[in-house]
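Residue numbers (our numbering), protein chains in the order written: chain B, 1 to 500; chain Y, 501 to 793; chain P, 794 to 1105; chain Z, 1106 to 1417.
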Amino acid sequence: MSERFLELIDISKIYPGVTALDRVSFSVSRGEVIGLVGENGAGKSTLMRVLGGVTEPSGGTIRIDGVARASLTVAEAIKAGIAFVHQELNLFDNLDVAGNIFIGREPLHAGPLKLIDRKRLRAQVRPLLERLAVDFEADRLVAELSLAQRQLVEIMKALSLDARLVIMDEPTSSLTLTETDRLLQVIDGLKAQGVSVIFITHRLNEVKRCADRAVVLRDGRVVGALAREAIAPATLIRLMIGRDLKSLYIPPASPPGDRVLDIVEVRTATYPDRAVSLSVRRGEILGLAGLVGSGRTELARAVFGIDPLRGGSIRLEGEPIRIAEPSAAIERGIYLVPEDRKRSGLLLDFSIAENISLPDLASYARGMLVQTAAEVQNARRQRERLNIRTPDVMTAVGTLSGGNQQKVVLAKWLSMRPRLLIFDEPTRGIDVGAKQDIYQLLRRLADAGVAILMISSDMEEVIGVSDRIAVMHEGAISGFLERNQFSEHNVLELAVGHTV
Amino acid sequence: ADKKTLAFVVNGASDFWKIAEAGVKKAQGELPNYDLQFKYPEQAAPAVQQRVLDDLVAAGVAGIMVSAVDPKNQTEGLNKVAEQTLLFTTDSDAPKSKRVAYIGSSNTDLGKEAGKLMLKALPDGGKCVGFVGLLGADNARERIEGVKETIKGSKVELVDVRGDEIDQTRAKRNVEDILAANPNVSCLVGFYSYNTPRIYEVLKEAGKLGQIKIIGFDEDPITLGGVKEGSIVGTVVQQPFEWGYQGMKLMAKALEGDKSGIPANGIIIVPGKVIDQSNVTDFMAQMKQIMGK
Amino acid sequence: MNALQKKDLSLLVLIIVVGTVVALINPRFLLVGNISNTANQVGLFGVFSIAEAFVIITGGIELSVGSVIALLGVVFIDLIVNHGINWIAACAFVIAGGLAIGAVHGLLVSRMHIQPFVVTLCGLLIYRGVARYYTEDATAGFGFSSSFPTLEWMTAGRTNILNFPLPHSVVVLFVVGAVAWVVLHRSVFGRYLYAVGKNEEAARYSGIRSGRIVVSAYVICGGLTALAAILIAMYTRSISPAVHGSFYELYAIAAAVLGGCSLRGGEGSIMGVVLGTILLQVLQNLVNLLGIPSSLNFAVMGTVILIGVLAD
Amino acid sequence: MNALQKKDLSLLVLIIVVGTVVALINPRFLLVGNISNTANQVGLFGVFSIAEAFVIITGGIELSVGSVIALLGVVFIDLIVNHGINWIAACAFVIAGGLAIGAVHGLLVSRMHIQPFVVTLCGLLIYRGVARYYTEDATAGFGFSSSFPTLEWMTAGRTNILNFPLPHSVVVLFVVGAVAWVVLHRSVFGRYLYAVGKNEEAARYSGIRSGRIVVSAYVICGGLTALAAILIAMYTRSISPAVHGSFYELYAIAAAVLGGCSLRGGEGSIMGVVLGTILLQVLQNLVNLLGIPSSLNFAVMGTVILIGVLAD
Ligand SMILES: Nc1ncnc2c1ncn2[C@@H]1O[C@H](COP(=O)(O)OP(=O)(O)OP(=O)(O)O)[C@@H](O)[C@H]1O
Ligand SMILES: Nc1ncnc2c1ncn2[C@@H]1O[C@H](COP(=O)(O)OP(=O)(O)OP(=O)(O)O)[C@@H](O)[C@H]1O
Ligand SMILES: [Mg+2]
Ligand SMILES: [Mg+2]
């Protein structure tokens, strides 16, 4: 436990206008599990990117096995035994699962031609699939996997490396409880083998469960380190945001009103012989829980007009409607915050202001011409409201930290007048303090008469925020829970297809 | 009984060959026992043309008259054709091949005619610039050579020839640029049929018609109009109508065993004509009649 | 947007450097007549380069520009010369044709989900073939005597402004460019074009009807190409359907890419495209003015572009 | 890979349908001689289409294929005919030239970060210009008398196999295709090509030296193009530098795209590219055989491709 093989000394990283890291020092010992926490934009990912050789630090020293250097390349990092699960997924859609996991390290046939030994590749992938007990095959194209499944592929990729240090940047942000449990077990296993793990998460319970040490970053500086025994969510939160948090659940101001959305016997592509029926009421927050791949995202996509319905109908305030395009949904006040912000939520090269105004651009225009001043003004308002960390709303969204990007996605819809908001993993990658703000916001929206359908894999969030929970299992609703029935146990039972 | 087929294969699509086609049509009227075809390869490339020839041989034609794209290097391919059918060449000869006869004009001679026009137009000498589509093409080289040979030793000079890749926009643009670059140029020569009209237009727009002499080749309507108007000194034309007409009739005769029309060396030259203001009206009337318009 | 403006600036610098060098070697480069001629070419080529840019910005490509210019040019001359149709009607007809071609391309790309490269490559082949078949490979021209003074003045004429004979094609380009600038850089539609080009999925999730946007881009491209076809037909006054306008799509794409458009979509500015066109035309001019052998024309063009991009 | 195989299959079906229709109208289509001629064309065009595919799979594009074929062809003939160099040495020299050109393109793309379209467009212009200047625009050819029986037999000859005169260009294509198939679909390098083409950032994060991969793709492309240049020079036996090989890059890109390559990179199969080449050549053959006016040649080709893609 004592052998400190990796040390970061006074690492700084300065971006134009932003000091992402300010003389951070940090060390890793063999077999140590470090929980790295901090608010959105605190610099966690940047620090890890420096370690992974992806980002060149502006100053400081990296010492590996006693050898000091100013920066690393990816190849050097890999050679030093550092494996990295990036916060934003970096997979090859055109390759299959096995190909992605072993990219760069394919087992070869003998001979100078460097032909891939496909048999051995399969054999090497199998134990990994079993280790995480995933529900897809090694030869599935990654393009066909859901976000959570892709996340699992990323994790397997890092696990396959035989690394000394595995860095996981928010690996659980789209996983449900079951996969998260399994992952935490895997981390315990790594630790037993003497592998070190740095684990970034906004779900503080996970830190408590697995970390030997918790390091807290704030504004690019280390503001505290807690030993195993001292780790408690409340303490972490205080260090992170400098104040305490109240309980999650905020009761509604008034009982729910009329039904806003009725989903009647809707069928989707993956589960064409299963139908989903549910309704959301005005002023209600309906949580939608389920395991990875249970079909929640597909349902949301169907309602929002991304995918065609395979059957059934949708009614808005009692009127049957046909939604062939997202634009039709938006016109009717149905908005969707997608789970994959990089692919579907944001234009990474566009500025914050331009992203926020995009769905409602006409209202920022005089005649046909966009009034930039109006866009900027609104973007600034949203920045204050959601506490988006950026000096300038004209910067490209791609340069924001993950959590702040998520806030921009929310800001897009909050600038408009929703009737029904569908949130698919709304707080994916958002820090605890900001989460609290968002929950309050959800409640305020609901109280103002908006119906909210919140898909979430975060158990705490589902139980803490919803007024009612619907649970999906393999493409169908396996049950509803009222507030008095809420419990982790009940949600899980329904999620695996049992009844309660 | 099946009629025998004779084919006229050209080197690429152009208006020039429309006149030859009219000649072939006239011959068809006089050769009821033959089926006369006129073929354009879709690109002016030897490989493409060779494929058309091979396909015709496979289809069993009795005789082929061809304007080879690249006669020097197509000799072998032409011989393959000549072994199986009666082969005439036209427009540009392949003297080393086993073709039976060549019917056409000599581009060098045409160039010489143009050179004479230049000497006549510029008795006091002057600088000339030429314009052409493909500088490297045989017909362009021979015409330019002919011009240079004739004006050698005189005060008339051909200082430059600009190519344009058969792009009309660039053809016109080249004329504009040359006027800008050489203010003292005194005559412009259009070596391809479309070059002369472009020269005419640019000079017209610049108000320099008459000041700068124009000498052309071929029978574009605008060229003829300019000659008639007096702003183009003259144009040297070939007689493709005669190639088509006489060539087809000679082929038919040769197939029937009468080779009297073919000289010993196999070369039948149909001389070019110089069209100037004196004969342009007659020529235009003649063209109109030939083309049936 | 900032990066783009910097790109425009460095392109401008390159043009000025090339221009200065040429002017030092041959001062006639700066003659009013020469500048006016070059400007005229810029006008002709600029219009369809802007057309191309609209499609490239949505992440597509339009390869049939040259063939469309040939086909519509032939039709235009035929309508006026052989069918005696009023030139205003002929212009309207040709532009309608361009818009229709654009609409077909756009629908094939967005509805049938065929790659833009394939759709427009087929267009390149088909329109050229139809143009050649339509005229039986004969050159279509206005002939010697026929004249349409108003049409000619409007399209190919020049007006003296402060002693500079301003070609009307430049006026057309200026108007087209100004409108395109406003549309692309200031309007809602323009923003949508960039959004669809950058990330179609995210654009769709924001409620943009990406299909419509793509179709509109091709329709605009078709219409502007038709306009260019008329201008070019009036400039050359004669069209050999087999070669007229061939390779012009490469010119257009080159101008757009030089001007900062990325073939991956979502990038590019009108100013850049116009500057790209200017550079290409100055290079053409330079070859003739410096008396470089015509055979080296292309080589000079390629070398200067490469040096310019490298120096950037 | 599954989706790709389905694509290959539907392309094969299209080829068979077109072939059957042509054979029904004109049975001479099935003559041994005709099939052998068409196969020969497939051999010639297939080699550089595969070359192009390597670059397209990495998300690039190579526009200078036609110009390289002209330049290297001219050099090849010149070396043999005018400098009396042994043909083996000449072949080696030309292929080395192709590899060098590819390396330059690759380095400009990956080191200098210039868009592939720009780099290879400059290449298109420069090599064509150099070829023309080198020969002073004159046609380079073997002339009548000169003959190199071994070289000719190897490159342009045919061997009777089961009464079918198999063109040696087909043999070359078969070997090239087989090697390319193994490299692309079975080797680590091939895997990296697809990875870099799809997501260069992720490739870098995985420790793949994407720069090297990109350079290698262009080098392979250059080498194969040089090989094609030799085959084509021996087939035409004469090269007019101004037009030889022009538009061949479009053929190559079309074959690759028809065969399932996406210009966005990361997709495509060797089988598909070969099938794409076959389709294009059968279409050319069809126009001649069915006596369709040659002016409509392009139109027919475009229409069939479009119908094929639509039916897919
Ligand atoms: N490429 C970049 N250009 C400019 N600024 C950047 C860039 N990458 C990161 N930043 C800034 O650096 C700061 C730290 O970002 P980082 O991604 O490390 O945060 P984080 O702690 O991982 O946050 P989160 O929990 O939201 O993922 C942020 O303010 C971010 O905007
Ligand atoms: N883009 C896609 N292409 C093909 N299949 C997909 C795609 N996205 C999801 N799927 C498949 O559809 C099924 C349902 O996935 P969905 O994303 O709806 O589940 P979910 O309940 O949202 O779970 P999670 O997002 O946590 O994985 C999964 O089996 C998944 O593999
Ligand atoms: Mg982060
Ligand atoms: Mg989901």
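Each residue gets a CB set at the ideal place from its N, CA and C atoms; glycine is no exception.
Asked                                                                                                                : Found
Residue from Y/Ile722, Y/Gly716, Y/Lys612 with nearest C-alpha to P/Ser940                                           : Y/Ile722
Entirely enclosed beta strand (DSSP E) segments - the region 709 to 761 of chain Y, minimum 3 residues               : 713 to 717, 734 to 737
Y/Thr696 versus Y/Ile678, Y/Met748, Y/Lys672, residue with shortest Cα-Cα distance                                   : Y/Lys672
Cβ-heavy atom distance, B/Thr399 to ligand 5, below 7 Å                                                              : Absence of ligand 5 from the depicted structure is noted, with ligand 1, ligand 2, ligand 3 and ligand 4 being the only ligands included.
Of the listed residues B/Leu21, B/Arg381, B/Glu7, nearest to B/Lys13 (C-alpha basis)                                 : B/Leu21
P/Ser753 to P/Ala1010 span [Cα, whole Å]                                                                             : With chain P covering only 794 through 1105, there is no way to say anything about residue 753 of chain P.
Closest by C-alpha distance to B/Ile438, when choosing among B/Arg468, B/Gln406, B/Met416, B/Glu32                   : B/Gln406
Collapsed DSSP secondary structure at Z/Tyr1232 in the structure displayed                                           : helix
Own chain partners of P/Val963 with C-beta closer than 8 Å, once the 5 adjacent residues on each side are dropped    : Ala832, Asn833, Val835, Gly836
Reduced DSSP secondary structure (H/G/I, E/B, other) of P/Arg1057                                                    : coil
Selected residue, minimal CA-CA separation from B/Ile504, among B/Val266, B/Ala163, B/Leu177                         : With chain B covering 1 to 500 only, the question about residue 504 of chain B has no answer from this structure.
Of the listed residues B/Leu278, B/Gly31, B/Leu291, nearest to B/Ile187 (C-alpha basis)                              : B/Gly31
Buried or exposed by the 16-neighbour rule on C-beta atoms within 10 Å, applied to P/Val1093                         : buried
Proximity winner among B/Val85, B/His86, B/Asn100, relative to B/Phe530 (alpha-carbon distances)                     : The displayed coordinates of chain B run from 1 to 500. Any statement about residue 530 of chain B would go beyond what the structure contains.
Under 8 Å (Cβ pairs) to chain P, residues found in the region 1398 to 1416 of chain Z                                : Pro1398, Ser1400, Leu1401, Asn1402, Phe1403, Ala1404, Val1405, Met1406, Gly1407, Thr1408, Ile1410, Leu1411, Val1414, Leu1415
Any non-hydrogen atom of ligand 1 closer than 7 Å to B/Gln87 Cβ                                                      : yes
Three-state secondary structure assigned by DSSP to B/Ala396                                                         : strand
Helix, strand or coil at Z/Ile1120 according to DSSP, with G and I counted as helix                                  : helix
Which residues DSSP lists as bridging Y/Gly563, in chain order                                                       : Y/Leu506, Y/Leu586
8 Å Cβ cutoff met for Y/Gly690 and Y/Ile651                                                                          : no
Status (buried if at least 16 other CB within 10 Å, exposed otherwise) for Y/Lys503                                  : exposed
B/Asp392 beta carbon near ligand 1 (any heavy atom closer than 7 Å)                                                  : no
For Y/Ala621, the residue or residues it bridges with in DSSP                                                        : According to DSSP, Y/Ala621 bridges with nothing at all.
With 16 other Cβ atoms within 10 Å as the buried cut-off, status of B/Lys79                                          : exposed
Interface positions of the region 348 to 360 of chain B facing chain A (Cβ-Cβ less than 9 Å), listed along the chain : You won't find chain A in this structure, because its protein chains are B, Y, P and Z.
CB contact flag (P/Leu823, P/Ala816, <8 Å)                                                                           : yes
Any non-hydrogen atom of ligand 1 closer than 7 Å to B/Asn404 Cβ                                                     : yes
One or two residues paired with B/Arg366 in a DSSP bridge                                                            : B/Leu369
Contact check, Y/Lys655 vs Y/Gly625, beta carbons under 8 Å                                                          : yes
Delimiting residues of the alpha helix (DSSP H) encompassing B/Ala77                                                 : 74 to 79
Cβ-based burial, B/Gly265 [other Cβ within 10 Å; buried from 16]                                                     : Per the sequence shown, residue 265 of chain B should be read as Glu rather than Gly. Its Cβ having fewer than 16 others within 10 Å, B/Glu265 is exposed.
Alpha-carbon spacing of B/Asp431 relative to P/Trp974, whole angstroms                                               : 42 Å
Inter-residue spacing [alpha-carbon to alpha-carbon] between Y/Arg551 and P/Ala889                                   : 40 Å
Residue-chain proximity (B/Asp65, chain Z), Cβ-Cβ < 8 Å                                                              : no
Z/Val1223 beta carbon less than 8 Å from that of Z/Gly1165                                                           : no
Per-residue DSSP class, three states only, for Y/Ala785                                                              : helix
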